[in-house]
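So this is what it looks like as structure tokens:
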């Protein structure tokens, strides 16, 4: 392969890796901010509209960098993916399927958020909560991708650093109020 093609592929792979890391970071921040907004745990910082807008901005950045990550693989000169390989899960390696399903579910959540006024609240909430398994699938994609690329030791420290608060907040989000009261995270309403 000519040097120009190798350089282009190295640059594209760098863009894919960097955009993947940014998407992962924004994904974790989006989930954390969403939990803090939904539970009202950060209500005193600013108004509800600003909190929701921040959540939407983080989600948009997550999807944008996730799309850049995936689309980068279309333009490789060697080992390029096809559109079908990038959009149809279970059409290749399991680690790729985790990422494809994760980003597609996140896109579905984003689309239903735009259509929220046309759907029943419970249905919208059910679809919106699918973001939790989507985050889990995308984290698995990141983990297995780091293993496959030999970057687990170097990069996964940052991944775990972002994932621990994300998982902690997600678990706290679904704990019953009496448990949160018992451990001192919320005050009992009288």
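Numbering (my numbering), first residue to last: 1 to 190. Beta carbons are placed, not taken as given, at the ideal position from N, Cα and C, and that holds for glycine.
Three-state secondary structure assigned by DSSP to residue i
i, result
"residue 150", "coil"
"residue 184", "coil"
"residue 90", "coil"
"residue 133", "helix"
"residue 175", "coil"
"residue 120", "coil"
Among the options, the one whose alpha carbon lies nearest that of residue i
i, options, result
"residue 17", "161, 55, 156", "156"
"residue 167", "149, 58, 137, 145", "137"
"residue 67", "43, 114, 99", "99"
"residue 165", "93, 72, 34, 147", "34"
"residue 75", "161, 142, 9, 151", "9"
"residue 139", "121, 21, 176", "21"
"residue 70", "19, 42, 90", "19"
"residue 143", "80, 79, 163", "163"
"residue 185", "36, 15, 31", "36"
"residue 107", "87, 42, 171, 182", "87"
"residue 81", "179, 132, 12, 154", "12"
"residue 109", "131, 89, 122", "131"
At which residue ranges does the segment 36 to 81 contain complete alpha helix (DSSP H) runs of 4 or more residues, listed in the order of the chain?
Entirely contained in the segment 36 to 81, the alpha helix (DSSP H) runs reaching 4 residues are, in chain order, 48 to 72.
Segments assigned alpha helix (DSSP H), at least 4 residues, entirely inside the segment 93 to 117:
94 to 114
Between the segment 48 to 55 and the segment 98 to 112, do three or more beta carbon pairs fall short of 8 Å?
no
Is the segment 18 to 27 touching the segment 53 to 64, taking contact as three or more C-beta pairs under 8 Å?
yes
Meets three-Cβ-pair contact criterion under 8 Å: the segment 84 to 99 and the segment 139 to 153:
yes
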